[in-house]
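Since the structure comes first, as structure tokens, the remarks are kept for the end.
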Amino acid sequence: MRRGSATRIALIYPELLGTYGDGGNAIVLEQRLRWRGLPAEVVNVPAGSPVPDSCDIYLLGGGEDAPQVLAADGIRQNRAIVRAVGSGAAVLAVCAGYQVIGATFPSGGEIHEGLNLVDIETRRSFAPPETPPPGRAVGDIVVEPDPRLHLPTLYGYENHAGRTRRLPGAGGFPLGVVRRGIGDGEGGGSDGGGGGTDGIVDGRVVGTYLHGPVLAQNPALADLLLTWIHGDLPPLEAPQEAQVLREARRRALAGS
Amino acid sequence: MVFVSGHRRGTVESAMTTSIPRRFTARTQAALAVERLAAQASRRLGRGSGEMIGGKLALRVSPGALAEVGSHRRTACVSGTNGKTTTTRLLARALGTLGPVKSNSGGANMAPGVLAALSRPPFDAAAALEVDEIWLPKVAHEISPRVVLLLNISRDQLDRSNETRRIASMWRELGAELRDTTVVANVDDPLVAWAAGGWHRQVWVSAGQNWTADAMVCPQCARLLHRNEAGWWSECGLARPEPIVAVTGQREILWYGRTISARLDLPGRVNLGNAAMAAAAARELGVEVEAALAAMAGLGDVQGRYQEVALGEQGRRGRLLLAKNPAGWVEMMELLADAPPRPVVIDFNSQTADGRDPSWIWDVPFERLAGRQVLVTGGRKEDMSVRLAYAEVPHSVHASAEDAAQAANEKVVDVVANYTAFRDLLVRSSR
Numbered sequence: 001m002r003r004g005s006a007t008r009i010a011l012i013y014p015e016l017l018g019t020y021g022d023g024g025n026a027i028v029l030e031q032r033l034r035w036r037g038l039p040a041e042v043v044n045v046p047a048g049s050p051v052p053d054s055c056d057i058y059l060l061g062g063g064e065d066a067p068q069v070l071a072a073d074g075i076r077q078n079r080a081i082v083r084a085v086g087s088g089a090a091v092l093a094v095c096a097g098y099q100v101i102g103a104t105f106p107s108g109g110e111i112h113e114g115l116n117l118v119d120i121e122t123r124r125s126f127a128p129p130e131t132p133p134p135g136r137a138v139g140d141i142v143v144e145p146d147p148r149l150h151l152p153t154l155y156g157y158e159n160h161a162g163r164t165r166r167l168p169g170a171g172g173f174p175l176g177v178v179r180r181g182i183g184d185g186e187g188g189g190s191d192g193g194g195g196g197t198d199g200i201v202d203g204r205v206v207g208t209y210l211h212g213p214v215l216a217q218n219p220a221l222a223d224l225l226l227t228w229i230h231g232d233l234p235p236l237e238a239p240q241e242a243q244v245l246r247e248a249r250r251r252a253l254a255g256s
Numbered sequence: 257m258v259f260v261s262g263h264r265r266g267t268v269e270s271a272m273t274t275s276i277p278r279r280f281t282a283r284t285q286a287a288l289a290v291e292r293l294a295a296q297a298s299r300r301l302g303r304g305s306g307e308m309i310g311g312k313l314a315l316r317v318s319p320g321a322l323a324e325v326g327s328h329r330r331t332a333c334v335s336g337t338n339g340k341t342t343t344t345r346l347l348a349r350a351l352g353t354l355g356p357v358k359s360n361s362g363g364a365n366m367a368p369g370v371l372a373a374l375s376r377p378p379f380d381a382a383a384a385l386e387v388d389e390i391w392l393p394k395v396a397h398e399i400s401p402r403v404v405l406l407l408n409i410s411r412d413q414l415d416r417s418n419e420t421r422r423i424a425s426m427w428r429e430l431g432a433e434l435r436d437t438t439v440v441a442n443v444d445d446p447l448v449a450w451a452a453g454g455w456h457r458q459v460w461v462s463a464g465q466n467w468t469a470d471a472m473v474c475p476q477c478a479r480l481l482h483r484n485e486a487g488w489w490s491e492c493g494l495a496r497p498e499p500i501v502a503v504t505g506q507r508e509i510l511w512y513g514r515t516i517s518a519r520l521d522l523p524g525r526v527n528l529g530n531a532a533m534a535a536a537a538a539r540e541l542g543v544e545v546e547a548a549l550a551a552m553a554g555l556g557d558v559q560g561r562y563q564e565v566a567l568g569e570q571g572r573r574g575r576l577l578l579a580k581n582p583a584g585w586v587e588m589m590e591l592l593a594d595a596p597p598r599p600v601v602i603d604f605n606s607q608t609a610d611g612r613d614p615s616w617i618w619d620v621p622f623e624r625l626a627g628r629q630v631l632v633t634g635g636r637k638e639d640m641s642v643r644l645a646y647a648e649v650p651h652s653v654h655a656s657a658e659d660a661a662q663a664a665n666e667k668v669v670d671v672v673a674n675y676t677a678f679r680d681l682l683v684r685s686s687r
């Protein structure tokens, strides 16, 4: 990170990958830098324009089927995100965006090629063909993050039809264990949830199914991404509202 | 007659003997009697207007009842993500200049609610019917409406997987099957224009679209849409149709080649767009535009929307505004900006009818509320509070809308609520 210059946060194709409020992740990162007196700039990358390879953090959000394929085509063609990650940039990819940074994902009855940034694949189902595909995973989700991340419990909302798994020999590790909800859907429950994992952390790339937006509900994850770019950050007390929200979510989702 | 206890037998008889035309099948005649009884019972028990329960039971008795009571009369169906209820009410007013009008004014907008609206005499009355987006094909197939109004399609209740493209596609297929129906469609919404393109006859209206984020991709070819001041177009050839009716100013409508002035009691440009859509539909059913607009002018509130109500016991009052999705919130922002900057109470829930996922508030430009006193309440007040904190809008958090109004710096506030919050407020304030 170049001291003094603004941290550049790229919001990738918000028209295509902005269906579920994930653009809020850019707002959270920008404000948490600004409140610490550090300059920040959100770079909107509209669909159809080239993705710059000079940003520090790349954000991809959730979207519907056709836009997801369009987005995957765009970021695969110019590979700027792969180059940027090679020189130290961080990535947060949510839901459709999470699927897109993997090897392959389903959409409109076909399997599409992803960015291959992380070693995961997504399908409607990994069960034998004769079993009916599982239902859409829709609802509150609670994830206990991998201890290596030193993060508190993650709260969010998931809304996806895909099931995701790590490829053999995959790098990195799952973001965490699903305490409530489905996540990647490799758990022991009949719906594929319960005790499975959600997401991936591989180097500075994070993928997850959590909306909310995930960084609004889990500011410690936002600060982790910022630390990867900045090194140690000055402490930030504000906003108290986020702590109140986490406490409200904890109470609302307790006992399940 | 499970809904009617023994001592109410008199009601059974009176309902059975009230005029139900003989041209209906015996099954449907029975269904209409059941509808009437159930609605009466439901109202007596204080369980709302009774439209849902009555209509549900009637459809169970006679699944063909909707087609029987709904066809062979002048009907118009109003559908879209935002503005259905208001536009239906405006249309009902316009049609009222010709004679009696039936309408599901209670907001019960699925098949049972529509049936309930059509279940009372006179059975040849015109009807202005609000219909849920997903239910439109089912209802329209049954009643073959003379006119269908398609307002807009945007994100709403994402947890129900109501993908915008899927709704547009359903509507397009519907139009191909309704040979005698005219569609009145908003050209400023690409999803609506594409959907309406598949119908046999269109009346194109420019009603405006101040939320474009959900219509960036061409519904026909999935490539990105191009936009400029004049409209939108796609590389596949799909483009904004030329409107014959258009909102051209705060109080001005372009109407079949001439400019006419339109004054409404309902606030905001968005409601002028709704009025233009309703007037265009009324024209298809034989109402002159001057008469239609004059009839619409006196409407000041719709189901409590835009109405000023008492909040609590201490003389505090609030104007009620409904905003249940990003597009609706942006409309309310514009409306708030048109009036003196009162304190704003935001009442925000995420119950099933609201959509369980509150993430969409991050797409709403709450920064625009800066400079006002903002007070937050509702089941997801903490989520709204975080959103406002990141928007750097100072605010306070309260246990109820009444508490918030009490804490406001002025006696009259604007209350922006989403679906269940609005409904609950309306019930509490009308007690």
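Here the protein sequences come in this chain order: D and U. Note that the numbering used here has the first sequence beginning at 1, numbered continuously upward. Note that the numbering used here has the second sequence beginning at 257, numbered continuously upward. We put the CB at the ideal spot given by N, CA and C, even for glycine.
Counted as a single uninterrupted DSSP element, the beta strand (DSSP E) harbouring E144 (chain D) occupies residues A137 to P145. By the Cβ neighbour-count rule, Q285 (chain U) is buried, with 16 or more other Cβ atoms within 10 Å of its own. Taking K667 (chain U) as the centre and dropping the five residues before and after it, the same chain places the C-beta of G571, R572 and R573 closer than 7 Å to its C-beta, in chain order.
The beta carbon of E658 (chain U) is closer than 6 Å to those of L567 and G568 in its chain, skipping five residues each way along the sequence.
Contact check for V620 (chain U) against P582 (chain U) passes: the beta carbons are separated by less than 8 Å. With fewer than 16 neighbouring CB atoms inside 10 Å of its own CB, V683 (chain U) falls in the exposed class. The DSSP assignment places complete alpha helix (DSSP H) segments of no fewer than 4 residues inside the segment 316-384 of chain U at 321-326, 340-351 and 367-374, in order along the chain. Contact between N338 (chain U) and E491 (chain U) does not hold, since the beta-carbon distance rounds to 29 Å and is not under 8 Å. At a C-beta separation below 9 Å, Q68 (chain D) has no neighbours in chain U, since its nearest C-beta there lies roughly 10 Å away. The distance from the Cβ of L406 (chain U) to that of A537 (chain U) is about 11 Å, inconsistent with a contact at the 8 Å cut-off.
S87 (chain D) counts as exposed, since fewer than 16 other beta carbons sit within 10 angstroms of its beta carbon. Taking the Cα of E648 (chain U) as reference, the smallest distance to any Cα among D:P14, D:T197, D:N159 and D:E30 is reached at D:E30. Using a Cβ-Cβ cut-off of 8 Å, A478 (chain U) is close to A66, P67, V69 and L70 of chain D, given in chain order. Spanning the alpha carbons of W460 (chain U) and S335 (chain U) requires a straight line of approximately 15 Å. The C-beta of V244 (chain D) comes closer than 8 Å to at least one C-beta of chain U.
Per DSSP, L494 (chain U) lies in no beta strand (DSSP E) segment and is marked neither H nor E. At a beta-carbon threshold of 8 Å, the residues of chain U lying near L16 (chain D) are M472 and V473, ordered along the chain. In chain U, no part has a C-beta under 7 Å from the C-beta of G207 (chain D); the shortest such distance is about 17 Å. In this structure, the straight-line span from the alpha carbon of E291 (chain U) to that of A332 (chain U) is close to 22 Å. The segment 432-450 of chain U makes contact with the segment 461-478 of chain U: 3 or more CB pairs, one atom from each, lie closer than 8 Å.
For the segment 615-643 of chain U, the beta-carbon criterion of a distance under 8 Å to any beta-carbon of chain D is satisfied by S615, W616, I617, W618, D619, E638, D639, S641, V642 and R643. Scanning chain D for C-beta atoms nearer than 7 Å to the C-beta of E544 (chain U) yields nothing, as the closest lies near 42 Å away. When only Cα atoms are considered, I141 (chain D) and D202 (chain D) end up about 21 Å apart. If one requires a minimum length of 4 residues, the alpha helix (DSSP H) runs lying completely within the segment 478-556 of chain U are 525-540 and 545-553, in chain order. Between T342 (chain U) and R561 (chain U), the C-beta gap is smaller than 8 Å, which places the two residues in contact. Across the set U:A553, U:A548, U:Y512 and U:A502, the C-alpha of U:A553 shows the shortest separation from the C-alpha of L522 (chain U). Distance from the CA of R148 (chain D) to the CA of G196 (chain D), rounded to the nearest whole angstrom, comes to 18 Å.
One thing to note: A677 (chain U) has its Cβ no nearer than 8 Å to the Cβ of V669 (chain U).
Contact annotation, L592 (chain U) with V600 (chain U): C-beta distance approximately 7 Å; criterion of less than 8 Å satisfied. In the three-state scheme derived from DSSP, where H, G and I count as helix and E and B as strand, V28 (chain D) is classed as helix.
Restricting attention to U:D613, U:V630, U:R612 and U:A534, the CA atom closest to the CA of D603 (chain U) is found in U:V630. By the beta-carbon neighbour count (other beta carbons within 10 angstroms, threshold 16), P145 (chain D) is buried. Using a Cβ-Cβ cut-off of 8 Å, H211 (chain D) is close to D613 and S615 of chain U, given in chain order. With its beta carbon less than 8 Å from one in chain D, Y646 (chain U) belongs to the interface.
Within chain D, no C-beta atom comes nearer than 7 Å to that of E485 (chain U); the closest sits roughly 18 Å away.
Contact annotation: L38 (chain D) and V94 (chain D) have beta-carbon atoms that are not nearer than 8 Å.
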